[in-house]
């Protein structure tokens, strides 16, 4: 059974701090990794995708991938109250169809003003 | 990204009944995906809807329970049949985004409550 694990949280950080969200996955051959943000009552929206080991930066967001450790993380710098949401880690199901993603249960982030 | 319209947005259903969820996309797409998000659980892929062929179901999901139609390249329906309270969930339609391979765009979801 392929799995994606996340700490459910809630993770609480003060405004302006760095929020660090972590994810591990079980399928060693996975190649594509995604972070989605889901506000309460809304559908998930893509934050970042990462395919190679190392860091990928986009504005205040940095995704980090370590395939040897089967570990993906998302750093949010200068956290804002508007970043308060559930963050879902997703891994492309290797051998499955395009769009077949395995999601973690999500980490709930709360940014306090 | 594609714009996806889903309806109904929410519904309350009686045990034993069936409900059909509709998904309309503003552009032609080869594959459409139906996901389920149960309370406190992760999103789980139910099936991939292909135009012109039978849907492909993931392990644990069967056509009799979740029949899917895909009459054209912009529209799909998912039916939840013979519902029980365990089917209370959010059902999401999604398509691969034009912004990148394997990046999904989701519809707003259909929140079903089965009494």
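Residue numbers (my numbering), protein chains in the order written: chain A, 964 to 1076; chain B, 617 to 731. Note that beta-carbon positions come from the ideal geometry of N, C-alpha and C, so glycine has one too. Computed from a prediction, not measured in an experiment: that's the story for all the values here.
For the stretch 1051-1069 of chain A, residues whose beta-carbon sits nearer than 9 Å to a beta-carbon of chain B comprise 1051, 1053, 1055, 1056, 1059, 1060, 1061, 1062, 1063, 1064, 1065, 1066, 1067, 1068 and 1069.
One Cα belongs to residue 730 of chain B, the other to residue 721 of chain B, and the distance between them is close to 27 Å.
Against chain B, a Cβ distance below 9 Å from residue 997 of chain A picks out 718, 719 and 720. Closer than 7 Å to the CB of residue 694 of chain B there is not a single CB belonging to chain A. The continuous stretches of beta strand (DSSP E) do not include residue 981 of chain A, and DSSP gives it neither H nor E. Taken atom to atom, the span from the alpha-carbon of residue 621 of chain B to that of residue 691 of chain B is near 10 Å. Using a CB distance cut-off of 7 Å, residue 1009 of chain A counts as an interface residue toward chain B. Taken through DSSP and simplified to helix, strand or coil, residue 680 of chain B comes out as coil. Listed in chain order, the positions of the stretch 665-682 of chain B with a beta carbon within less than 7 Å of a beta carbon of chain A are 672. Non-local beta-carbon contacts of residue 645 of chain B in its own chain, meaning distances under 8 Å to residues more than five positions away in sequence, involve 618, 689, 690, 711 and 712 in chain order. Here the C-alpha atom of residue 666 of chain B lies approximately 11 Å from the C-alpha atom of residue 650 of chain B. The C-beta of residue 724 of chain B comes closer than 7 Å to at least one C-beta of chain A.
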